[in-house]
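In UniProt numbering, the protein residues as written are 1 to 384.
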């Protein structure tokens, strides 16, 4: 009977074979392990109801009620038209940019049949409707800064986005924002809608100031030496005024943009005082610079003097988030960033962004809930 050792390969042949087999297995394992970048999933949130997950050129829409739809293409931007609830997606495919739509009343993924221009800027993706016809419109912008509007229509050949006049559309949409990725820093994982900067054509005052520069009500309550408030009373600039070193603890919201003269007249009229002739007003900026004429802005301080009693309060001008005295493009962009979730508004800027609040005194701890309705009203008020 032959020995078993004669039937086995020698050690010299066995060792190279084992090493070669191990090399083949390790190489195959490396090739079979998917790339982390290729399988990474990015998640977007659209309000509190919808999430969108992007994986390997595919976008999956999921609703809190169990709704699901799958779109071909990687998501670049998304919004929900809040009147009808239609979801509008901007998708990147291998052959270009396409729109995708989802109607909760008819739950299915509806892609456009024709591509959109390749040079679109994903930071501008807004939906609206014509209130008379309920036609759906899209507002986009090219990389060169050109504003474009599309009418979404469907026929037997599919769904199309056709260039159209959208002057009758009401823009009322909620924008989706991406969730921060665990593999990226917070600086690089913000919203797809980056904070807009004031246009170069804006006035120096509105370009220099921003919504965040307005005094924060919370900081005023916690600290008596807030940098945004005057360190000395405005009576130092007017020797005839009664002395007062009290910081303004009250806030007064105007009904519309107003000048110094208009404010004095309207304020006295609403007071209906018999001794109004003895009432005087002094106006300063938040830094203590006297104001005698012209428009008042959010954050300006009013000192009311009546029968030797001094009352100081700060003004809120509806729609004036950036210090221009009226709704403008910079304020619209600041509110748009807030509604999109990229830059929250606080303090006086948040109060100025609340376009539905009534005129009158405002509690310092008021925290308004800002929505796309405020954005639409500000846009209308500014004629934008």
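Quick reminder that beta carbons are idealized off the backbone N, C-alpha and C, glycines included.
Secondary structure of residue 299 (DSSP, three-state): coil. Under the three-state reduction of DSSP, residue 265 is assigned to helix.
The criterion of a C-beta distance shorter than 8 angstroms is satisfied by residue 329 and residue 384. Under the three-state reduction of DSSP output, residue 106 falls in the strand class. Closest in alpha carbon position to residue 99, among 249, 279, 120, is 120.
The beta carbons of residue 128 and residue 80 sit no closer together than 8 angstroms.
Note: residue 357 is not bridge-paired with any residue in the DSSP secondary-structure output.
Each residue's CA atom was taken as its position, placing residue 356 and residue 374 some 7 angstroms apart. For residue 70, the enclosing beta strand (DSSP E) stretches over residues 68 to 72. Distance from the CA atom of residue 53 to the CA atom of residue 92, rounded to whole angstroms, is 14 angstroms. Note on the segment 81 to 148: whole beta strand (DSSP E) runs with a minimum of 3 residues are 87 to 93, 96 to 103, 106 to 111, 120 to 129, 136 to 142, in chain order. In this structure, 353 is the residue among 347, 379, 353, 362 with its C-alpha nearest to the C-alpha of residue 370. Counting the other CB atoms within 10 Å of its CB gives residue 102 a total of 16 or more, which places it among the buried residues. The beta carbon of residue 78 is closer than 8 angstroms to those of 44, 46, 52, 87, 88, 89, 90, 125, 175, 176 in its chain, skipping five residues each way along the sequence. For residue 331, there is no enclosing beta strand (DSSP E); the enclosing alpha helix (DSSP H) covers residues 329 to 340. Secondary structure at residue 260: helix, using DSSP grouped into helix, strand and coil. Straight-line spacing of the CA atoms in residue 343 and residue 139 works out to 21 angstroms. The shortest CA-to-CA distance from residue 258 to any of 250, 318, 288 is the one to 318. Residue 250 is bridged by DSSP to 313. By a beta-carbon distance limit of 8 angstroms, residue 301 contacts residue 248. Their separation comes to about 5 angstroms. In the three-state reduction of the DSSP assignment, residue 346 falls in the coil class, being assigned neither a helical nor a strand state. Judged by DSSP in its simplified three-state form, residue 366 adopts coil rather than helix or strand. Counting the other Cβ atoms within 10 Å of the Cβ of residue 320 gives 16 or more, which makes it buried. Residue 108 has its alpha-carbon roughly 22 angstroms from the corresponding atom of residue 42.
Between residue 381 and residue 327, the gap from beta carbon to beta carbon is short of 8 angstroms.
With 16 or more other Cβ atoms inside 10 Å of its own Cβ, residue 297 counts as buried. For residue 373, the enclosing alpha helix (DSSP H) has its first and last residue at 372 to 381. Take the alpha-carbon of residue 346 and the one of residue 146: they are about 32 angstroms apart.
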